[in-house]
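Quick notes on the structure that follows.
Numbering (this note's numbering), first residue to last: 9 to 137.
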């Protein structure tokens, strides 16, 4: 929602209906005791609470990923998540490289996003969107 700047686009990405996303946001706002978003006309604006929440959520998920990697290290296996952004010209080579990587490290979940050069530096931060 925060990245999408749209209830409808967030719903589409999550595989939910727009009213379901709106209801979840309302419940979250009630739990936090303050609004997260504001509509001005048809434009959705994030409020400071939404920015703070998004930042904290990224930190929490980052900590969980690090914990998972540390626990994997203790067990002597490599697992976790690998997010890769590749420019469109590399889309024909990268799958072959990833197949070899996956054969060696089957416990690693790989996400590949094909994008243009301008999008690549920010494409792996929160990819799934």
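Glycine included, C-beta positions come from ideal geometry on N, C-alpha and C.
Residue 53 and residue 13 have their C-alpha atoms roughly 7 angstroms apart.
Taking a cut-off of 8 angstroms on C-beta distances, the stretch 66 to 75 does not touch the stretch 98 to 110, as fewer than three cross pairs fall below it. Going by beta carbons, residue 39 and residue 28 fall outside the 8 angstroms limit.
Residue 90 is bridged by DSSP to 118. Taking 8 angstroms as the cut-off, the beta carbon of residue 42 is found closer than this to the beta carbon of residue 57. Looking at the backbone, the Cα of residue 108 and that of residue 92 are separated by about 15 angstroms. Look at residue 55 here: in three-state DSSP terms it is coil, with no helix or strand label. Assigned with DSSP and collapsed to three states, residue 95 falls in strand.
Distance from the Cα of residue 90 is smallest, within the candidate group 47, 16, 117, for 117. Rounded to the nearest whole angstrom, the CA to CA distance from residue 122 to residue 106 is 14 angstroms. In the three-state DSSP reduction, residue 47 falls in the strand class (E or B).
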